[in-house]
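A quick write-up on the structure given underneath.
Shown next as structure tokens:
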């Protein structure tokens with residue numbers, strides 16, 4: 026299939042513009058170099074070796090993952106310096122230990138004393154250390170110990186004092202940038218998160234502890250603030266694909282979105298003034314419901330169409346206004362969806378069709394599961 | 026892993042109670058025998074060989090699928106008499122022709138004269154016929170030519186008169202039963218759909234055409250009406266797993282739901298009165314948002330907990346009222362989610378862990394893609 030046109034693909038199909046991927050990756054690398062902070066790209070959006078190669082500039086080092094399945098997948102293919110940035114689950118300590126004993130550098134994360142106790146009880150072989158990041162909640166409101174809690178400092182101290190364990194760093198995810206609109210708001214959250222982390226680093230220093238620090242999210246790293254130079258690392262991920270959501274937040278322009286779902290018209294419903302397409306939530310995900318005037322996606326080049334609703338394998342499309350001209354959309358017509366959330370859409374596809382200027386150059390197969 | 030407890034599984038994990046699956050399958054077979062109508066079970070919910078075996082009573086015959094990937098997967102494993110119940114997509118005619126030429130009985134579906142024209146232009150080898158079902162919209166409002174349109178009869182006649190093509194049957198999906206609450210409403214829709222189809226069959230008879238007829242949906246086939254005896258087939262699918270949605274519609278009781286997602290507590294957030302669990306939308310899907318007081322799922326045995334929100338790999342859980350007692354939910358605590366929509370949840374899992382009375386008896390691997 027290499028060399029053939031993406032328009033010849035059976036649909037629904039997720040296509041990835043490798044040139045845009047490379048441009049997004051390069052810009053993020055240059056941006057981080059410009060700020061003076063180490064980029065540790067997140068793999069959770071794409072979960073593929075090929076895209077990981079592009080994001081790491083071929084080094085296969087210094088990545089972050091959201092599942093242990095990703096960690097194992099990348100480790101099995103020669104990646105190293107992997108941070109499993111997920112409050113270490115109690116059922117996966119042994120698998121984490123195995124990776125810690127096998128890789129040069131496997132890093133875990135925690136936000137609770139009970140998790141530390143678990144690591145203490147499972148010392149690594151050959152004098153190896155558990156490399157532990159402390160997860161701080163700096164206003165994101167998901168995982169992490171609240172940065173302002175006195176317990177946060179106590180936990181950091183406990184980590185650094187526990188035998189067989191090293192406090193590698195302090196980690197905060199500023200997912201609250203997803204509520205922003207525009208660069209000013211994004212940078213306000215990026216600044217706040219950075220400030221909270223740096224203040225925490227000062228507290229650590231005051232008790233004699235030094236370690237790394239990292240914040241991340243695609244919006245904040247697409248528009249970094251100067252103070253991020255004082256951090257050790259940043260860990261964005263979605264930026265390699267971007268999506269409509271990121272364009273609305275202000276992280277990117279629509280021209281930076283590297284992924285599309287190709288779909289075809291499979292039905293005419295004149296009695297409802299609708300078209301049917303062969304992409305339902307099985308091909309797009311439910312994500313984005315109610316977020317866009319055009320439905321869960323934008324229909325590229327057809328601003329007057331919107332994706333009204335989806336079932337598993339069908340999408341209902343209607344005009345924003347007026348009567349549908351069916352002669353303009355004969356059965357088989359190819360339509361192109363720009364997904365609201367590329368992480369969610371990518372997760373629905375067992376393979377991504379990769380192209381350059383519309384010609385297929387390969388397939389990327391993501392890992393799945395946990 | 027066989028013989029071990031499902032509670033030892035790493036989470037999130039989708040578990041399937043094989044005894045409930047078998048009971049659901051048996052009841053549907055008996056129900057259809059009782060009515061006197063052929064059951065053609067739909068594979069789209071589970072997409073696995075093992076569950077297909079159970080649903081067909083081991084015959085591996087007479088199934089319906091939603092994607093061509095399913096059709097090929099089942100055909101590759103010895104299944105036959107397969108109905109691809111999806112308006113035949115213009116990009117997949119050649120693949121459909123190949124299946125038609127290879128299997129004893131591969132059946133397609135259409136609702137537009139242009140699709141018929143496509144089949145006419147691709148005659149099958151060795152004098153084989155395209156076996157075509159006409160898709161009728163009997164009020165469901167998705168695919169199908171409207172049953173009341175004069176064009177519907179004309180299209181049926183055109184199919185039956187086209188060389189190389191056979192009008193195998195008339196097919197209607199009563200997905201509008203999903204808007205019902207309770208048996209009375211379900212049966213009203215089942216009756217209406219059946220009546221419309223039977224009236225259409227009368228019209229066909231009047232012009233000298235006889236063929237099969239089929240309606241389906243899990244609600245209607247869980248509570249069939251007498252007139253369904255006059256149909257040739259029914260084609261429900263979800264019933265083998267059922268889910269919270271089906272229990273709310275009135276198709277089943279919660280005790281009939283065969284699937285769960287196991288998850289563990291991975292975080293305590295006392296400052297927000299929340300728990301974090303290791304199941305986000307990657308493990309549950311977004312389906313069901315806003316449909317339940319308990320969020321996108323029910324948390325079995327914990328009626329006071331609700332799944333407030335999810336991100337890719339995290340779920341936020343809070344009490345319906347009052348303060349959370351964290352001592353009751355130490356990190357690592359196993360919680361069990363009953364999914365809102367099992368079709369959507371199953372699609373998120375690369376493997377289903379199958380158990381009997383909580384002991385693992387195997388793994389089922391679904392097919393994916395299109």
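Residue numbers (the working numbering), protein chains in the order written: chain A, 26 to 395; chain B, 26 to 395. Every residue gets a Cβ at the ideal spot worked out from N, C-alpha and C, and that includes glycine. The structure presented is a predicted model; accordingly, all values stated were derived computationally and were not measured.
With respect to the beta strand (DSSP E) encompassing residue i, which residues constitute its N-terminal and C-terminal limits?
i                      : result
residue 237 of chain B : 237-241
residue 185 of chain B : From DSSP, residue 185 of chain B is part of no beta strand (DSSP E) but of the alpha helix (DSSP H) over 175-186.
residue 328 of chain A : Where residue 328 of chain A is concerned, there is no enclosing beta strand (DSSP E), given that its DSSP letter is neither H nor E.
residue 285 of chain A : 284-294
residue 106 of chain A : 105-112
residue 195 of chain A : 190-198
residue 364 of chain B : 359-364
residue 232 of chain A : Element bounds for residue 232 of chain A: n/a, residue is neither H nor E.
residue 356 of chain B : Where residue 356 of chain B is concerned, there is no enclosing beta strand (DSSP E), given that its DSSP letter is neither H nor E.
residue 131 of chain B : 131-135
DSSP three-state label for residue i, please.
i                      : result
residue 120 of chain A : helix
residue 396 of chain B : Only positions 26 to 395 of chain B appear in the structure, and residue 396 of chain B is not among them; the question remains open.
residue 214 of chain B : helix
residue 373 of chain A : coil
residue 343 of chain B : strand
residue 270 of chain B : helix
residue 387 of chain B : strand
residue 160 of chain B : strand
residue 307 of chain B : helix
residue 337 of chain A : coil
residue 38 of chain A  : strand
residue 279 of chain A : helix
residue 302 of chain A : strand
residue 223 of chain B : helix
residue 29 of chain B  : coil
If we define contact as Cβ-Cβ less than 8 angstroms, is residue i a contact residue for chain B?
i                      : result
residue 205 of chain A : no
residue 301 of chain A : yes
residue 131 of chain A : no
residue 284 of chain A : no
residue 36 of chain A  : yes
residue 166 of chain A : yes
residue 127 of chain A : no
residue 384 of chain A : no
Does any residue of chain A bring its CB to less than 8 angstroms from the CB of residue i?
i                      : result
residue 45 of chain B  : no
residue 182 of chain B : no
residue 146 of chain B : no
residue 116 of chain B : yes
residue 312 of chain B : yes
residue 139 of chain B : yes
residue 171 of chain B : yes
residue 407 of chain B : Because chain B in this structure spans residues 26 to 395, residue 407 of chain B falls outside the shown range and cannot be described.
residue 239 of chain B : no
residue 96 of chain B  : no
residue 280 of chain B : no
The alpha helix (DSSP H) with residue i in it runs from where to where?
i                      : result
residue 252 of chain B : Per DSSP, residue 252 of chain B belongs to no alpha helix (DSSP H) and is neither H nor E.
residue 395 of chain B : Unbroken run through residue 395 of chain B: none, as it is neither H nor E.
residue 138 of chain A : 138-145
residue 60 of chain A  : 43-60
Worksheet item: Any contact of the stretch 258-278 of chain A with the stretch 290-304 of chain A, i.e. 3+ C-beta pairs under 8 angstroms?
Response: no
Worksheet item: Three or more C-beta pairs closer than 8 angstroms, one from the stretch 138-153 of chain B and one from the stretch 107-117 of chain B: is that the case here?
Response: yes
Worksheet item: Which parts of the stretch 73-99 of chain A are runs of the beta strand (DSSP E), unbroken and 3 residues or longer, counting only runs that do not cross its ends?
Response: 86-90
Discussion item. Is it the case that the stretch 359-371 of chain B contacts the stretch 312-326 of chain B, given that we only count it when at least three CB pairs across the two stretches are under 8 angstroms?
Written reply: yes
Worksheet entry | Touch test, the stretch 73-82 of chain A against the stretch 43-52 of chain A, Cβ-Cβ under 8 angstroms, three pairs minimum | Result yes; three or more Cβ-Cβ pairs closer than 8 angstroms.
Fill in: At least three beta-carbon pairs within less than 8 angstroms, the stretch 176-186 of chain A to the stretch 213-221 of chain A
No, because fewer than three Cβ pairs between the stretch 176-186 of chain A and the stretch 213-221 of chain A fall closer than 8 angstroms, the two stretches do not touch.
Discussion item. Any contact between the stretch 124-134 of chain A and the stretch 152-159 of chain A? By contact I mean 3 or more CB pairs, one from each, below 8 angstroms.
Written reply: yes
Worksheet item: On the three-pair Cβ rule with 8 angstroms, is the stretch 288-295 of chain A touching the stretch 349-357 of chain A?
Response: yes
Worksheet item: Any contact of the stretch 196-210 of chain B with the stretch 161-172 of chain B, i.e. 3+ C-beta pairs under 8 angstroms?
Response: yes
Item to complete: Indicate whether the contact test is met: 3 or more Cβ pairs, each with one atom in the stretch 381-395 of chain B and one in the stretch 309-316 of chain B, closer than 8 angstroms.
Response: no
Item to complete: Give a yes or no on contact between the stretch 243-261 of chain A and the stretch 57-65 of chain A, applying the rule of three or more CB pairs nearer than 8 angstroms.
Response: A contact between stretches requires three or more CB pairs, one per stretch, nearer than 8 angstroms, and the stretch 243-261 of chain A meets this requirement with the stretch 57-65 of chain A.
Item to complete: Would you check if there are 3 or more beta carbon pairs closer than 8 angstroms linking the stretch 336-352 of chain B to the stretch 375-391 of chain A?
Response: no
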